Amino acid sequence: MESNRVEIGINKLTSGLMLAVILVFFVLIAPRLFDAGGNLRAGFVLLMSPFLLFALLQFALLGRSLLSKEVQLIIDENALWLFPQRDGGVQVDWRDITGLETGKYLGMSYILVKLRNPQAYASKPKNQRLAGAFTGNMKSHGTPIVLQTSSYNRTHDEILQLLQNHGKG
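Numbering (my numbering), first residue to last: 949 to 1117.
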């Protein structure tokens, strides 16, 4: 039934705030790139280049996510879908989910999706970035699927309630 399908996108406010922090970083760093005579301070640029490159990459990724209308999570009566619009999207059938655990780390809420056979899901993603995340989650949490709820456009409690309600069916 299409009426029971819930599509969840990214939290644009969080991405926007992170983008603002990166812009402030550039505003604070830019004057230090040049000396009083307007010459480029090569030593400072060389020292800061890893930070500048990282900030530029984050700026590009966050800008892309702000413009994206991509659905990150679909919850319906049959399954939980992670990144359904990507090649490496993963479908997790409700019968494979054995439980949900919530927690907080560094002020961010998350939901651990406990699975009957976590190793099978850890190797499922075709997308290398998602596969790397699943492998890291397996090592640190014992399950490949960890939903960082602050990154979605729904609250932690709403997502947990949706998962619990749909998982019963």
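Where a beta carbon is used, it is the ideal one built from N, C-alpha and C, also for glycine. Quantities reported herein were computed from a predicted structural model and do not represent experimental measurements.
Under 8 Å: do the stretch 1052-1068 and the stretch 1090-1104 share three or more Cβ pairs, one atom per stretch? Contact between the stretch 1052-1068 and the stretch 1090-1104 is established, with three or more Cβ pairs separated by less than 8 Å.
Considering only the beta carbon of each residue, do Gln1039 and Tyr1100 sit closer than 8 Å? The answer is no: Cβ separation not under 8 Å.
Would you mind sorting Gly1002 into buried or exposed? The rule is 16 or more other CB atoms within 10 Å of its CB. Sequence inspection shows Phe at residue 1002; the Gly mentioned does not correspond to that position. Around the beta carbon of Phe1002, a 10 Å sphere encloses fewer than 16 other beta carbons of the protein chains shown; the residue is thus reported as exposed.
Which same chain residues, not among the five before or five after Met949, have their C-beta less than 6 Å away from its C-beta? With a pLDDT of only 39 at Met949, under 50, the local geometry of the prediction cannot be trusted, and no value is derived from it.
Sequence ranges, alpha helix (DSSP H) only - wholly within the stretch 1057-1102, length at least 4: Taking only runs of at least 4 residues, the alpha helix (DSSP H) segments lying wholly in the stretch 1057-1102 are 1066-1070 and 1076-1089.
Tell me which same chain residues have a C-beta within less than 8 Å of the C-beta of His1104, skipping the five on either side of it? The beta carbon of His1104 lies closer than 8 Å to those of Thr1050, Ser1057, Ile1059, Thr1097 and Ser1098 in the same chain, with the five residues before and after it left out.
Separation of Asp1024 from Arg953, as counted between CA atoms: Their backbone Cα atoms lie some 4 Å apart in a straight line.
Assigned exposure category for Pro1073 - 16 Cβ within 10 Å defines buried: It counts as buried.
Under three-state DSSP, which class holds Leu1021? In the structure shown, Leu1021 sits in a strand (DSSP, three-state: E or B).
Buried versus exposed, by CB contacts within 10 Å (16 or more), Val1061: Burial is judged here by how many other beta carbons sit within 10 angstroms of a residue's own beta carbon; Val1061 has at least 16 and is buried.
Tell me which same chain residues have a C-beta within less than 8 Å of the C-beta of Thr1083, skipping the five on either side of it? These residues qualify, in order along the chain: Ala1070 and Pro1092.
Classification of Leu1030 by the beta-carbon crowding that lies within 10 angstroms, buried from 16 upward: Leu1030 should be labelled buried.
Leaving out five residues before and five after Ala968 in sequence, what residues of the same chain have Cβ atoms less than 6 Å from its Cβ? Once the five neighbours on either side are set aside, Ala968 has no close Cβ partner at all.
Label Asn903 either buried or exposed according to how many other C-beta atoms from any shown protein chain fall within 10 Å of its C-beta, with 16 as the threshold for buried. Since the first and last residues shown for the chain are 949 and 1117, residue 903 lies out of range.
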